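Mapping of the sequence shown onto the UniProt record's numbering: position 177 corresponds to residue 177, and the numbering continues sequentially without gaps.
Read through the structure below, which is laid out as structure tokens, and then see the notes.
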Amino acid sequence: MLEKINETAAFIKAATQRRPKTAIILGTGLGRLADEIKEKEEIAYRDIPNFPVSTVEGHSGKLLFGTLGGKDIMAMQGRFHFYEGYSMREVTFPVRVMRELGIETLFVSNACGGTNPGFEIGDLMIITDHINLFPEHPLRGKNIDYGPRFPDMSEAYSKALIAKAEAIAAELGITVRKGVYLGTQGPTFETPSEYRMFRILGADAVGMSTVPEVIVANHCGIKVFGMSIVTDLGVEGKIVEVTHEEVQRAADAAQPKMTAIMRELIKRS
């Protein structure tokens with residue numbers, strides 16, 4: 001595993017002179033944040049040794065380097081999911097590569113289903129914590145010495161970055177929610193009973209990504225900030241049939257607000 005991580009990191013270092021400290025993972029419908037990146041360099045996933053390839057519609061499959069908010073950044077335009085058939089080691093492989101590249105802060109984004117009855121489609125939710133319901137843990141197996149065997153998760157999402165993001169949203173006049181994100185394997189959208197159970201468990205939103213990447217980032221000593229766009233509702237009386245295309249459209253409509261917050265947060269971080 002370490003040999004593959006080092007091989008991939010060496011390839012990327014040879015492909016660009018940029019050495020950013022900040023990385024972004026762009027989720028479903030949120031890839032347009034890439035349009036905000038200046039002086040952009042692109043590397044296709046298929047050209048990177050040992051890298052998986054994204055198979056989901058709306059995930060472009062490129063590693064981007066450039067500037068955003070005046071800072072050097074690295075961005076994944078498209079992520080990998082457990083439901084695509086990848087192992088958790090493959091899903092989180094890029095995060096370990098980020099650690100080798102010197103990344104210190106990771107920004108993650110996703111589309112989610114809102115289980116909080118106060119949420120509406122198009123709301124932005126700052127992730128304050130998560131619940132992991134994936135059937136395989138991303139740290140299962142021999143421990144890689146990037147972090148301890150039993151890493152602490154009491155602050156999986158940086159409280160300092162959350163506070164900054166709230167202040168930025170207020171300055172920009174953008175309403176944001178805060179809440180707990182619950183991660184499931186997918187690929188089915190949730191049943192009404194599942195939505196109800198997740199709400200009882202304490203989730204404000206549910207999705208099929210993010211949690212594995214955040215766990216590995218914390219193990220690697222990388223600070224994390226996460227934000228979700230509520231693209232459908234799992235609230236009794238508001239549950240309707242949903243498609244991936246509708247999720248993408250809802251995410252696209254809300255992404256300018258998320259882009260504005262992320263850009264300014266990166267600038268101030």
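Don't be surprised by glycine CBs; every beta carbon is placed ideally from N, CA and C.
These numbers were taken from a predicted model, which means no experiment stands behind them.
Leaving out five residues before and five after residue i in sequence, what residues of the same chain have Cβ atoms less than 6 angstroms from its Cβ?
{"i": "Phe65", "result": "Thr16, Arg18, Glu41 and Met74"}
{"i": "Thr231", "result": "Ala111, Val247, Ala250 and Ala251"}
{"i": "Arg46", "result": "Val53"}
Specify, as a first and last residue, the run of the beta strand (DSSP E) that residue i falls within.
{"i": "Thr105", "result": "Thr105 to Gly114"}
For the putative contact between residue i and residue j, defined by C-beta atoms under 8 angstroms, what is the C-beta separation to the nearest angstrom?
{"i": "Ala9", "j": "Leu139", "result": "Going by Cβ atoms, the distance from Ala9 to Leu139 rounds to 20 angstroms, so no, they are not a contact pair."}
{"i": "Val211", "j": "Asn143", "result": "Not a contact, Cβ separation roughly 19 angstroms."}
Buried or exposed for residue i, please, with buried defined as at least 16 other CB atoms from any protein chain shown within 10 angstroms of its CB.
{"i": "Glu190", "result": "buried"}
{"i": "Met1", "result": "exposed"}
{"i": "His59", "result": "With a pLDDT of only 49 at His59, under the threshold of 50, the placement of this residue in the model should not be trusted; the figure read from the coordinates follows. Buried: at least 16 other Cβ atoms inside 10 Å."}
{"i": "Leu201", "result": "exposed"}
{"i": "Thr243", "result": "exposed"}
{"i": "Asp35", "result": "exposed"}
{"i": "Gly118", "result": "exposed"}
{"i": "Thr115", "result": "buried"}
{"i": "Ser154", "result": "exposed"}
At what residues does the alpha helix (DSSP H) containing residue i begin and finish?
{"i": "Thr8", "result": "Leu2 to Ala15"}
{"i": "Arg199", "result": "Pro192 to Leu201"}
{"i": "Lys142", "result": "Where Lys142 is concerned, there is no enclosing alpha helix (DSSP H), given that its DSSP letter is neither H nor E."}
{"i": "Val214", "result": "Val211 to His219"}
{"i": "Leu133", "result": "Leu133 -> no alpha helix (DSSP H), and no H or E assigned at all."}
{"i": "Glu167", "result": "Looking at the sequence shown, residue 167 is not Glu but Ala. Start and end: Lys159 to Leu172."}
Take residue i and list the residues in its own chain whose beta-carbon comes closer than 8 angstroms to its own, dropping the five residues that flank it on each side.
{"i": "Tyr146", "result": "Arg96, Arg99, His219, Cys220 and Gly221"}
{"i": "Asn216", "result": "Before going on, a small fix: residue 216 reads as Val here, not Asn. Excluding residues within five positions, the ones whose Cβ falls inside 8 angstroms are Thr92, Val95, Arg96, Pro138 and Leu139."}
Have a look at the DSSP bridge pairing and note the partners of residue i.
{"i": "Asp232", "result": "Gly113"}
{"i": "Val91", "result": "Its beta-bridge partners do not exist; DSSP assigns none."}
{"i": "Glu41", "result": "Phe65"}
{"i": "Tyr225", "result": "The question names Tyr, yet the displayed sequence has Phe at residue 225. The partner list for Phe225 (beta bridge, DSSP) reads Phe107."}
{"i": "Ile127", "result": "Gly179"}
{"i": "Ile24", "result": "Ala75 and Phe107"}
{"i": "Val206", "result": "Gly113 and Leu182"}
Verify the CB distance criterion: does residue i have a CB-CB separation below 7 angstroms to chain B?
{"i": "Thr259", "result": "Given the protein chain composition of this structure (a single chain), no chain B is represented."}
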